[in-house]
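Quick notes on the structure that follows.
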Amino acid sequence: MRNLWMWLPDRVIGRVRFFAWASLVSQILIIGTGGAVRLTGSGLGCPTWPRCTEESFVSTPEMGFHGIIEFGNRLLTFLLIIIAIGMFLMVVRMRKERPELLRLSVALGLGIPAQAVLGGITVLTNLNPYVVGLHYLLSAVLVGLAAWLLYRVRVGPATGVRSASPLLAGLLPVLLGVLGVSIVVGILTTGSGPHAGDGGAARNYLDSELLQHLHSWPSYVVFGLTLLATALAFRRHGSPSQMRLRRTLVGLTTMTLVQISVGLYQARNGLPELAVGIHMVLAAVLVALSVTAIFSTREDPELAPAAGPLRQRETAASNS
Numbered sequence: 001m002r003n004l005w006m007w008l009p010d011r012v013i014g015r016v017r018f019f020a021w022a023s024l025v026s027q028i029l030i031i032g033t034g035g036a037v038r039l040t041g042s043g044l045g046c047p048t049w050p051r052c053t054e055e056s057f058v059s060t061p062e063m064g065f066h067g068i069i070e071f072g073n074r075l076l077t078f079l080l081i082i083i084a085i086g087m088f089l090m091v092v093r094m095r096k097e098r099p100e101l102l103r104l105s106v107a108l109g110l111g112i113p114a115q116a117v118l119g120g121i122t123v124l125t126n127l128n129p130y131v132v133g134l135h136y137l138l139s140a141v142l143v144g145l146a147a148w149l150l151y152r153v154r155v156g157p158a159t160g161v162r163s164a165s166p167l168l169a170g171l172l173p174v175l176l177g178v179l180g181v182s183i184v185v186g187i188l189t190t191g192s193g194p195h196a197g198d199g200g201a202a203r204n205y206l207d208s209e210l211l212q213h214l215h216s217w218p219s220y221v222v223f224g225l226t227l228l229a230t231a232l233a234f235r236r237h238g239s240p241s242q243m244r245l246r247r248t249l250v251g252l253t254t255m256t257l258v259q260i261s262v263g264l265y266q267a268r269n270g271l272p273e274l275a276v277g278i279h280m281v282l283a284a285v286l287v288a289l290s291v292t293a294i295f296s297t298r299e300d301p302e303l304a305p306a307a308g309p310l311r312q313r314e315t316a317a318s319n320s
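Per my numbering, the very first residue in the sequence shown carries number 1; after that it's consecutive.
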């Protein structure tokens, strides 16, 4: 047991970064597979929960394609749990020097069973569109937590030395808030549309066409704010932290433009399944980039000698 404990990292090294990246990628991936469940009409492929049928925890041949899709999505939850446990083990020896990594890994880990339970409620309520929406919303929150964790692993502990102007630092939380509004309206729009996840599932009976228009407005605001934020970021001299912020904002602006394009395409072409699925995944990517951008404005490790010894050890480890 002592040998295992000593094998665990006491600073950020490659294994820690791997699990941090895996945490973010897997949280986005399960949004994609959850979208596939709904868009293929497999939402009740396993008609009960936690079992797939009353007699079996796994899908049966009689359940066909829909049972395989739904059960496959449930299996992915176990992969997320394995990654969460691995992430916790990677940071547990750093609990004194890097307590924020431990807190974030625990919060992310606890979110996974909560998400599984909410997914079960979704099935038991016959894919109630509001419960389905909460299921997606929690996934978006977990993506944000995973992005926060990855940022802390990659950049280091908080320093309190800002790397951006107060205007830019204040603008990005507003951007994330507007993005949140866009996601909520998008959830309501989906709940009124044709992709219920099963032919007999309920809809929210809201005006789908009106909601599509309402959904587009905050998306355009997000795009405008990303353009403004990017312009502000390029006004300052390029320290390593500022260059990192610029890259994040360029990525955010690009992905927002792609997201708007996909949204316009799906709205004008009868909501094709593949486009809707891409739209769902891109929304999660935008959350991750927005969270990363916010934290990129809040501290500049390169200008904070107080972060010194631990930062130097982690840098030396990453270069070795």
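C-beta atoms are modelled at their ideal positions from N, C-alpha and C, and glycine is treated no differently.
The closest CA to that of R93, considering only F78, A169, L8 and L289, is found on L8.
Straight-line measurement puts the Cα of Q266 at about 12 Å from the Cα of P194. Note that the region 216-232 does not touch the region 144-155; fewer than 3 beta-carbon pairs, one per stretch, sit closer than 8 Å. Taking the Cβ atoms as the reference, S182 lies roughly 5 Å from S219, within the contact range of under 8 Å. For R11, the closest of G160, L102, G32 and A22 by C-alpha to C-alpha distance is L102.
For S59, the three-state secondary structure derived from DSSP is coil. Short of 7 Å from the beta carbon of L282, and not among the five residues preceding or following it, lie these beta carbons of its own chain, in chain order: M255, V258, Q259 and V262. H135 and G86 have their alpha carbons spaced roughly 24 Å apart. Between the region 155-174 and the region 209-217 there are fewer than three inter-stretch CB-CB distances shorter than 8 Å, so the stretches are not counted as touching.
Just measuring C-alpha positions, the residue of E97, R95 and T33 sitting nearest I68 is T33. Residue environment for R95: exposed (fewer than 16 other C-beta atoms within 10 angstroms of its C-beta). When secondary structure is reduced to three states using DSSP, E209 falls in the helix class.
Per the C-alpha coordinates, the member of Y205, V91 and C52 positioned closest to L104 is V91. In this structure, L29 is the residue among L29, T60 and I13 with its C-alpha nearest to the C-alpha of A140. A straight-line Cα-Cα distance of about 17 Å links T230 and V178.
Beyond the five residues adjoining it in sequence on each side, L227 comes within less than 7 Å, by CB distance, of T253 in the same chain, given in chain order. With contacts defined as CB atoms closer than 8 Å, V153 and A20 qualify as a contacting pair. T297 is positioned such that its CB atom lies closer than 8 Å to that of A169. Counted as a single uninterrupted DSSP element, the alpha helix (DSSP H) harbouring I69 occupies residues G64 to V91. Listed in chain order, the non-local C-beta contacts of D198 below 7 Å within the same chain comprise G41, G43, L44 and L127, local neighbours out to five positions each way being set aside. Around the C-beta of I83, 16 or more other C-beta atoms lie within 10 Å, and the residue is accordingly described as buried. As for any alpha helix (DSSP H) of minimum length 4 sitting wholly inside the region 232-304, the runs are 240-268 and 273-296, ordered along the chain. The three-state secondary structure of W49, taken from DSSP, is coil. Of V123, V132 and L138, the smallest CA-CA separation from A284 is found for L138. A distance below 7 Å between beta-carbons, with the five flanking residues on each side excluded, links T189 to the following residues of its chain, in chain order: S208, L211, Q212 and H215. In the structure shown, the three-state DSSP call for L127 is coil. Distance from the CA atom of N73 to the CA atom of L167, rounded to whole angstroms, is 42 Å. If you draw a straight line from the Cα of P61 to the Cα of P50, it is about 19 Å long. Annotation: L44 is outside any alpha helix (DSSP H) and is labelled neither H nor E by DSSP.
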